[in-house]
Amino acid sequence: MRRPELLIPASSLEVLKIAVIYGADAVYIGGEAFGLRAKAKNFSMEEMKEGIEFAHAHDVKVYVTANILAHNDDLEGVREYFKKLREIKPDALIIADPGVFQIAKEVCPEIERHVSTQANNTNYATYLFWYGLGAKRVVSARELSIVEIKEIREHIPDDLEIETFVHGAMCISYSGRCLLSNYFTGRDANQGACTHPCRWKYSIVEETRPNEYMPVYENERGTYIFNSKDLCMIEHIPDLFDAGIDSFKIEGRMKTALYVATVARTYRKAIDDYKKSPELYLKCTLCQGHYDFSFSDFY
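Here this note's numbering is used: the first residue of the sequence shown is 3, the next is one more, and so on.
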């Protein structure tokens, strides 16, 4: 039984080191541009270099996000950014935009290219399309079920990797392409400036009853409009193994060191216990729903 990669987010050099120490197989980070987390601390080029060297010394990989949906005036900056990244040797770039993907292929072909969930990867034909362009890995859309992911695995080459979110926030709209932030605040989520209005509290007004405000409640399937409960797949590790997923991804590039340490350690234990012995995994109370937080296991 192969062991899937545990991929942990890091918002800073400190958090990267915590992720490595607490069991990450790989860490994904963002630079000061082009990484869709404008409000995160993010890494300077010097910090990225130090982080990559630290991770590699512990046999941990580092992936750099460049998943902006680029406009014309972004392209030259992207090209220069990739030239700098080529010098510090991250293990992969996470990209959503086909034009940015092509620039990476030209500037730093030796660095793996992973296709971001922002590209809305919902079927095996899409995976094969990106594979034909030279992608090493595709991140599945959060909207997919485990059954659908398993079907994708059956239709794609063995050397094309599947990465899937197993824990954390689930954006509304197709895998984060939401316009609420643009509408309410003028800040573009697809340029890294999301203000997370899906997490605000809302009331509904029916047009024939002005000034009567009805709260928006969430049932077990969510509100269908706003952000659902955070995803937690710790109880489904066997199914995730069976689906042929290569990388279990934790969401949270704006999370604290404590959050990252806790989640990394918990999933590290669950993955290792199941690989060692399914019976050992079943004995873990955290893997059987005995926790105090409210999560969801579907979109």
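Backbone N, C-alpha and C define an ideal beta-carbon position, used for all residues, glycine too.
1. How big is the Cα-Cα spacing for Asn250 and Glu82?
2. Quick one: residues in its chain with C-beta nearer than 7 angstroms to the C-beta of Thr124, no 5 flanking neighbours on either side, listed in chain order?
3. Could you give the first and the last residue of the continuous beta strand (DSSP E) run that contains Leu95?
4. How about Val102 and Ala72: do their beta carbons lie closer than 7 angstroms?
5. Between which two residues does the beta strand (DSSP E) containing Met216 stretch?
6. Candidates Ile10, Glu78 and Phe131: which alpha carbon is nearest Val62's?
7. Spatial neighbours of Ile263 within its chain, please: C-beta separation below 6 angstroms, excluding the five flanking residues on both sides.
8. Excluding sequence positions up to five away, which residues of its chain have a Cβ less than 7 angstroms from the Cβ of Asp275?
9. Check whether the stretch 100-116 touches the stretch 128-139, counting contact only when three or more Cβ pairs, one atom from each stretch, lie closer than 8 angstroms.
10. Kindly give me the distance between the Cβ atoms of Ile96 and Tyr129, rounded to whole angstroms, as I take these residues to be in contact under 8 angstroms.
11. Quick one, which of Glu16, Tyr133 and Pro111 has its alpha-carbon nearest Glu163's?
12. Is the beta carbon of Met50 closer than 7 angstroms to that of Lys86?
13. Flag this pair as yes or no: are the beta carbons of Phe36 and Ala59 separated by less than 7 angstroms?
14. I need the DSSP call for Glu208, collapsed to helix, strand or coil.
15. Nearest-angstrom Cα distance between Glu78 and Ala28?
16. Once you ignore the five residues that flank Cys180 on each side, which residues in its own chain have a CB closer than 8 angstroms to its CB?
17. Excluding the five sequence neighbours on either side, which residues of its own chain have a C-beta within less than 7 angstroms of the C-beta of Val149, listed in chain order?
18. So if DSSP puts Val64 in a beta bridge, which residue, or which two residues, is it bridged to?
19. Per the DSSP calculation, Thr166 is bridged to which residue(s)?
20. Met216: buried (16+ other C-beta within 10 angstroms of its C-beta) or exposed?
21. Please go through the stretch 110-188 and give each complete beta strand (DSSP E) segment of 3 or more residues, from N-terminal end onward.
22. Between the alpha carbons of Lys277 and Tyr30, how many angstroms are there, rounded?
According to the structure data:
1. Checking the sequence, you will find Phe at residue 250 rather than Asn. About 31 angstroms.
2. Ala143, Glu145 and Leu146
3. Ala94 to Ile97
4. yes
5. Tyr215 to Pro217
6. Ile10
7. Per the sequence shown, the amino acid found at residue 263 is Ala instead of Ile. Correct list, in chain order: Ile20 and Tyr24.
8. Leu282, Tyr283 and Cys286
9. yes
10. Actually they do not touch by this definition, with Cβ atoms about 15 angstroms apart.
11. Tyr133
12. no
13. no
14. coil
15. 29 angstroms
16. Cys173, Ile174, Ala191, Cys196 and Cys200
17. none
18. Val29
19. Phe250
20. exposed
21. 114-117, 139-141 and 163-170
22. 24 angstroms
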